[in-house]
Amino acid sequence: MKDLKQFNIPFVGLKEGRHLFEYNIDNTFFALYNFDEYENSNINIELEFVKKSTLFELNFVASGTVNVPCDVSGEFYDQEITSELPLVVKFGPEYNDENEDILILPHEVYQFSVAQFIYEMIVLAVPNKRVHPQVLDGTMESEALNKLEELEIKVEKTVETTDPRWDKLKNLITEKKT
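Sequential numbering from 76 applies to the sequence shown in this note's numbering.
Structural data, given as structure tokens:
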């Protein structure tokens, strides 16, 4: 994708050692992947890139917020996310990304894109069940929560009684042991 050029790392021109890349991710980034689950997003990515003679060590660190709807109330809120993704890049005869911790690039490659890794790291950092903080602490007032409370099934505790015939059978087992 043409708009993802900023995420290409031309490693051939880099000296050995540590390099720091920073990216600011918003909804335009997710639009390139046709991903529209976030109302708004503001995530900072710091990529520590360590170039060694035979491999690269990458460490992605993401922190920021995504605005998502609450699964309970439907209200939008800012979900804080933090995530870290270590990655080792080696060279081989052909491209291979089967191992989630190691990426193998062909020997003739002179750059590679980190956009897909950033995308996956952010999407996986957002919890599957999204609950507004005010729902958790009980301070949210919403029509949806009031309706859920109204429709909640009330369970009454009943005293459990046993059939006296079963009690007699249990006594037979305990008498037999003594």
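Glycine included, every Cβ here is placed at the ideal spot set by N, Cα and C.
Rounded to the nearest angstrom, how far is the Cβ of residue i from that of residue j, given a contact under 8 Å?
i           : j           : result
residue 109 : residue 139 : In fact, because the Cβ distance is near 21 Å, the residues do not count as touching under 8 Å.
residue 151 : residue 144 : 5 Å
residue 105 : residue 113 : 6 Å
residue 148 : residue 207 : 6 Å
residue 153 : residue 205 : The pair is not a contact, with the Cβ atoms about 11 Å apart (cut-off 8 Å).
Do residue i and residue j have their CB atoms nearer than 8 Å?
i           : j           : result
residue 193 : residue 84  : no
residue 167 : residue 156 : no
residue 169 : residue 181 : yes
Give me the Cα-Cα distance between residue i and residue j, rounded to the nearest whole angstrom.
i           : j           : result
residue 183 : residue 164 : 14 Å
residue 96  : residue 79  : 15 Å
residue 254 : residue 131 : Shown here, the chain extends from 76 to 253; a query on residue 254 therefore has no answer.
residue 259 : residue 246 : Because the chain spans 76 through 253 in this model, residue 259 falls outside it and cannot be assessed.
residue 188 : residue 81  : 9 Å
residue 171 : residue 141 : 31 Å
residue 200 : residue 90  : 32 Å
residue 197 : residue 122 : 14 Å
residue 278 : residue 211 : Outside the displayed range of the chain (76 to 253) lies residue 278, so it cannot be described from this structure.
residue 100 : residue 137 : 10 Å
residue 133 : residue 176 : 10 Å
residue 102 : residue 209 : 25 Å
residue 241 : residue 248 : 11 Å
residue 107 : residue 225 : 42 Å
residue 185 : residue 92  : 17 Å
residue 239 : residue 227 : 35 Å
Is there contact between the segment 178-196 and the segment 151-170, where contact requires at least three CB pairs shorter than 8 Å? Yes, the segment 178-196 is in contact with the segment 151-170.
Specify whether the segment 86-93 and the segment 124-133 touch according to this definition: at least 3 beta carbon pairs, one from each stretch, less than 8 Å apart. Flag = yes, the segment 86-93 and the segment 124-133 touch.
In chain order, what are the residue ranges of uninterrupted beta strand (DSSP E) at least 3 long that sit wholly in the segment 155-218? Counting whole runs of 3 or more residues, the segment 155-218 contains the beta strand (DSSP E) stretches 177-181.
Which complete beta strand (DSSP E) runs does the segment 81-146 hold, if anything under 3 residues is left out? Runs found: 92-100, 115-126, 131-144.
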